[in-house]
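Comments concern the structure below.
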Amino acid sequence: AQTVTQSQPEMSVQEAETVTLSCTYDTSESDYYLFWYKQPPSRQMILVIRQEAYKQQNATENRFSVNFQKAAKSFSLKISDSQLGDAAMYFCALEDQGAQKLVFGQGTRLTINP
Amino acid sequence: DVKVTQSSRYLVKRTGEKVFLECVQDMDHENMFWYRQDPGLGLRLIYFSYDVKMKEKGDIPEGYSVSREKKERFSLILESASTNQTSMYLCASSLLGVPGTEAFFGQGTRLTVV
Numbered sequence: 056a057q058t059v060t061q062s063q064p065e066m067s068v069q070e071a072e073t074v075t076l077s078c079t080y081d082t083s084e085s086d087y088y089l090f091w092y093k094q095p096p097s098r099q100m101i102l103v104i105r106q107e108a109y110k111q112q113n114a115t116e117n118r119f120s121v122n123f124q125k126a127a128k129s130f131s132l133k134i135s136d137s138q139l140g141d142a143a144m145y146f147c148a149l150e151d152q153g154a155q156k157l158v159f160g161q162g163t164r165l166t167i168n169p
Numbered sequence: 082d083v084k085v086t087q088s089s090r091y092l093v094k095r096t097g098e099k100v101f102l103e104c105v106q107d108m109d110h111e112n113m114f115w116y117r118q119d120p121g122l123g124l125r126l127i128y129f130s131y132d133v134k135m136k137e138k139g140d141i142p143e144g145y146s147v148s149r150e151k152k153e154r155f156s157l158i159l160e161s162a163s164t165n166q167t168s169m170y171l172c173a174s175s176l177l178g179v180p181g182t183e184a185f186f187g188q189g190t191r192l193t194v195v
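First to last, the sequence lines map onto chains A and B. Quick note: the first sequence uses our numbering, first residue 56, plus one each step. Quick note: the second sequence uses our numbering, first residue 82, plus one each step.
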């Protein structure tokens, strides 16, 4: 069975600083996709960034980047220059390619301190 | 602007009632999903569907059923609501057969069973 674990229920960071959210996963597949989704308060969940396991290069999207360590089955999210609008629940997810369903971690609530 | 719309933002129902949660997407997506979100547990898959009149059980289907009579609409049914079904319910949709495709989420329905 595929599993995703986020061991940090809550994190906080000062505005303009950098924060890293951790995620580990387990799968027997050789190719798969990993995602970070963001759920702002009272708003819809949106995709932040995705990574294909076959690609060695870490994905980046503006201030968001990942550190993908395939052998260690680790997939952390780094947010640079944190902004107040980054405050949200962040979910790490693994795609079951057979059924295209997502397996989610427990979530990390990120607070940005002004 | 792509959209996944859930019929209710908040619902309060009595124990034993039959409850319908409706979800509509306007992106012509084949895949549709129902997740349950609980603090500390993340999102857990209840049911999913990859075609009209098709359905597959997720990880926690007990006490739930689904209906997909039209491609754009996916309904979650609680046959006899119980207090342990008090939760946030999220609907999502995505393209079939595209690995790593983005899932689009509704705004969620917070259901309270009293």
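The beta carbon of each residue, even a glycine, is placed where N, CA and C say it ideally should be.
CB of residue i within 8 Å of CB of residue j, strictly
i, j, result
"Trp115/B", "Val147/B", "yes"
"Gln166/B", "Gly139/B", "no"
"Leu149/A", "Leu76/A", "no"
"Phe146/A", "Gly189/B", "no"
"Tyr80/A", "Lys128/A", "yes"
"Ser175/B", "Arg149/B", "no"
"Phe159/A", "Val59/A", "yes"
"Gln61/A", "Leu89/A", "no"
Close beta carbons around residue i, own chain, < 6 Å, minus the five adjacent residues each side
i, result
"Ser161/B", "Gly97"
"Asp107/B", "Lys84"
"Val103/A", "Trp91, Lys93, Phe119"
"Leu173/B", "Here residue 173/B turns out to be Ala, not Leu, going by the sequence shown. Here the set comprises Phe114, Ala184, Phe186."
"Thr193/B", "Val93, Thr167"
"Gln99/A", "none"
Inter-residue Cα distance where the pair is residue i and residue j
i, j, result
"Pro180/B", "Gln152/A", "6 Å"
"Leu126/B", "Leu171/B", "9 Å"
"Phe130/A", "Glu84/A", "16 Å"
"Lys99/B", "Ser163/B", "10 Å"
"Ser88/B", "Glu103/B", "5 Å"
"Ala108/A", "Arg95/B", "46 Å"
"Glu153/B", "Glu72/A", "42 Å"
"Gly121/B", "Gln63/A", "10 Å"
Residues bridged to residue i [DSSP beta-bridge criterion]
i, result
"Met108/B", "Met108/B is not bridged to any residue."
Neighbourhood of residue i by C-beta, 8 Å cutoff - its chain only, sequence neighbours within 5 removed
i, result
"Lys134/B", "Arg149, Glu150"
"Asn168/A", "Ser67, Val68, Gln69, Glu70"
### Task
Quick one: which residues of the segment 175–193 of chain B get their C-beta closer than 9 Å to a C-beta of chain A? List them in chain order.
Cβ contacts with chain A: Ser175, Leu176, Leu177, Gly178, Val179, Pro180, Gly181, Thr182, Glu183, Ala184, Phe185, Phe186, Gly187, Gln188, Gly189.
### Message
Using a Cβ-Cβ cutoff of 9 Å, what residues of the segment 97–128 of chain B are near chain A? List them in chain order.
### Response
Within the segment 97–128 of chain B, the qualifying residues are Asn112, Phe114, Tyr116, Gln118, Pro120, Gly121, Leu122, Gly123, Leu124, Arg125, Leu126.
### Message
Against chain A, which members of the segment 130–148 of chain B pass a CB distance test of less than 8 Å?
### Response
The residues in question are Tyr131, Glu137, Gly139.
### Contact set between the segment 107–130 of chain A and chain D, restricted to residues whose Cβ is under 7 Å from the partner
The question asks about chain D, but that chain is absent: this structure's protein chains are A and B.
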